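Data block below; observations after.
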Amino acid sequence: MSALAVDGVWKFYGDYPALRDIRFTVEPGQCTALLGRNGAGKTTLIRILAGLSRPTRGVVRLFGTDGVERRTRAQVGIIGHGIGIYDELSAYENLKLFAELYALPGAARVAGEWLERTGLDRVKDGLVREFSRGMRQRLAVARAFLHQPRLLLLDEPFTALDDRAIALLQGLLRGALAEGRTVLMSTHQLREALELATHVVLINRGRMAHAGVRTPEMLADPGYLYRVHGEA
Numbered sequence: 010m011s012a013l014a015v016d017g018v019w020k021f022y023g024d025y026p027a028l029r030d031i032r033f034t035v036e037p038g039q040c041t042a043l044l045g046r047n048g049a050g051k052t053t054l055i056r057i058l059a060g061l062s063r064p065t066r067g068v069v070r071l072f073g074t075d076g077v078e079r080r081t082r083a084q085v086g087i088i089g090h091g092i093g094i095y096d097e098l099s100a101y102e103n104l105k106l107f108a109e110l111y112a113l114p115g116a117a118r119v120a121g122e123w124l125e126r127t128g129l130d131r132v133k134d135g136l137v138r139e140f141s142r143g144m145r146q147r148l149a150v151a152r153a154f155l156h157q158p159r160l161l162l163l164d165e166p167f168t169a170l171d172d173r174a175i176a177l178l179q180g181l182l183r184g185a186l187a188e189g190r191t192v193l194m195s196t197h198q199l200r201e202a203l204e205l206a207t208h209v210v211l212i213n214r215g216r217m218a219h220a221g222v223r224t225p226e227m228l229a230d231p232g233y234l235y236r237v238h239g240e241a
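The sequence shown maps to residues 10 to 241 in my numbering.
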């Protein structure tokens, strides 16, 4: 059973097709890099996979079930542009809230542990609206990982992170993959993504341009994928 199956997904905004017949699967334990230029449709697709938007046509299945089911969504961790971060709460209050929503035992303890792991324990009582972009991204990382999700959907997860935070996130992702969890990440930072990826999906102007195993050529030369598959 696939961790994620995308079957014939289209997304229209008015008459404009932002996504056109997207089809691919991600097996349990895989790390798939979702690549493409600005405007290719990556964020639109991630939002559909995360249940934040509905496809105009097509079906998304998570672990063999309809992606919109609540119990299935509880098995997913998401990092996106401001998704699930509440500006008027503190960092601690944000994480404790999500730990409680996921019915985790010891929600306060879990929140504290993830603040420490992501280097936010010193600012735990600060309001998120006062945080820098990098601090907000660290908090988003903690929120996505704290309930040990089976599937991680990450949209530009390395954005605004310094080198230490990038290393932290890479370590968390490697740990998740070692435990058999599944990752789909969209990013412009090809080197970081391809170091982790087992598979690659390339979208060009809303269409599938390539889906397959990440090869040594891609890792050695991140631009190789774009040249071979005809992206301008």
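Yeah, the Cβ is synthetic: ideal placement off N, Cα and C, and Gly gets one too. Please read all numbers here as calculations on a predicted model, not as lab measurements.
Taking the C-alpha atoms as reference points, what is the distance between R63 and E204?
-> For the purposes of this step, residue 63 is identified with residue 54 of the sequence shown, where counting begins at 1. For the purposes of this step, residue 204 is identified with residue 195 of the sequence shown, where counting begins at 1. Their Cα atoms are separated by approximately 31 angstroms.
Near Q39, which residues of its chain fall below 8 angstroms by C-beta distance, leaving aside the five closest residues on each side in sequence?
-> Numbered from 1 along the sequence shown, position 30 holds the residue referred to as residue 39. Taken in chain order, the residues that qualify are A12, T191, V192, T207 and H208.
Could you check what DSSP says for L193 in three-state terms: helix, strand or coil?
-> To locate residue 193, count along the sequence shown from 1; it is residue 184. In this structure, L193 counts as strand in the three-state DSSP scheme.
Cα-Cα separation between E139 and P225, rounded to whole angstroms = Taking the sequence shown and counting its residues from 1, the one referred to as residue 139 is at position 130. Taking the sequence shown and counting its residues from 1, the one referred to as residue 225 is at position 216. The alpha-carbon atoms of E139 and P225 are separated by roughly 43 angstroms.
Whole runs of the alpha helix (DSSP H) within the region 139-193, excluding any shorter than 4 residues | As for any alpha helix (DSSP H) of minimum length 4 sitting wholly inside the region 139-193, the runs are 142-154 and 172-187, ordered along the chain.
Ignoring anything shorter than 3 residues or poking outside the region 17-41, list the beta strand (DSSP E) runs there in chain order.
-> With a minimum length of 3 residues, the unbroken runs of beta strand (DSSP E) contained wholly in the region 17-41 fall at 25-35.
Distance, Cα to Cα, L161 vs A112?
-> Translated into positions along the sequence shown, residue 161 becomes position 152. Translated into positions along the sequence shown, residue 112 becomes position 103. About 19 angstroms.
Candidates I31, R214, D230 and E165, of which the one nearest G48 by Cα | Within the sequence shown, the letter at position 39 stands for residue 48. Measuring from the Cα of G48, the nearest candidate turns out to be R214.
Where in the region 52-98 do unbroken runs of the alpha helix (DSSP H), each at least 4 residues long, occur, reported from the N-terminal end onward?
-> For the region 52-98, whole alpha helix (DSSP H) runs of length 4 or above, ordered along the chain, are 79-82.
Which two residues bound the contiguous beta strand (DSSP E) that contains L211?
-> The residue labelled residue 211 in the question sits at position 202 within the sequence shown. Start and end: H208 to N213.
Exposed or buried, E201, counting other C-beta atoms within 10 Å across all chains shown (16 or more means buried)?
-> Residue numbering aside, residue 201 sits at position 192 when the sequence shown is read from its first letter. The residue is buried, with at least 16 neighbouring Cβ atoms inside 10 Å.
Where L170 and R147 are concerned, what is the direct C-alpha to C-alpha distance, given to the nearest angstrom?
-> Residue 170 sits at position 161 when you count from the first residue of the sequence shown. Residue 147 sits at position 138 when you count from the first residue of the sequence shown. Those two C-alpha atoms are separated by around 8 angstroms.
Return yes when the Cβ of V137 is within less than 7 angstroms of the Cβ of I94, no when it is not.
-> Indexing the sequence shown from 1 puts residue 94 at position 85. Indexing the sequence shown from 1 puts residue 137 at position 128. In this structure, V137 lies closer than 7 angstroms to I94 by Cβ.
Classify F167 as buried or exposed, calling it buried when 16 or more other Cβ atoms lie within 10 Å of its own Cβ.
-> As a position in the sequence shown, residue 167 is number 158, starting the count at 1. Burial call: buried.
Identity of the residues DSSP links to R216 by a beta bridge = As a position in the sequence shown, residue 216 is number 207, starting the count at 1. R216 is bridged to R29 and N213.
Residues bridged to A14 (per DSSP) | Looking up residue 14 in the sequence shown gives position 5. Per DSSP, the beta-bridge partners of A14 are T34 and R70.
Are the beta-carbon atoms of R79 and A14 separated by less than 7 angstroms?
-> Indexing the sequence shown from 1 puts residue 79 at position 70. Indexing the sequence shown from 1 puts residue 14 at position 5. Taking 7 angstroms as the Cβ cut-off, R79 and A14 do not qualify as a contacting pair.
Is L155 near the ligand FAD, going by C-beta to nearest heavy atom under 6 angstroms?
-> This structure lacks the ligand FAD, and indeed carries no ligand of any kind.
Below 7 angstroms between beta carbons: does that hold for G45 and A27?
-> Residue 45 sits at position 36 when you count from the first residue of the sequence shown. Residue 27 sits at position 18 when you count from the first residue of the sequence shown. For the pair G45 and A27, the CB atoms are not nearer than the 7 angstroms cut-off.
Neighbour-count burial assignment, P114, 16 or more Cβ in a 10 Å radius = Counting from one through the sequence shown, the residue named residue 114 turns up at place 105. By the beta-carbon neighbour count (other beta carbons within 10 angstroms, threshold 16), P114 is exposed.
First and last residue of the uninterrupted alpha helix (DSSP H) at L136 = Residue mapping note: residue 136 aligns to position 127 of the sequence shown, counting from 1. Premise fails: L136 is in no alpha helix (DSSP H) and is neither H nor E.
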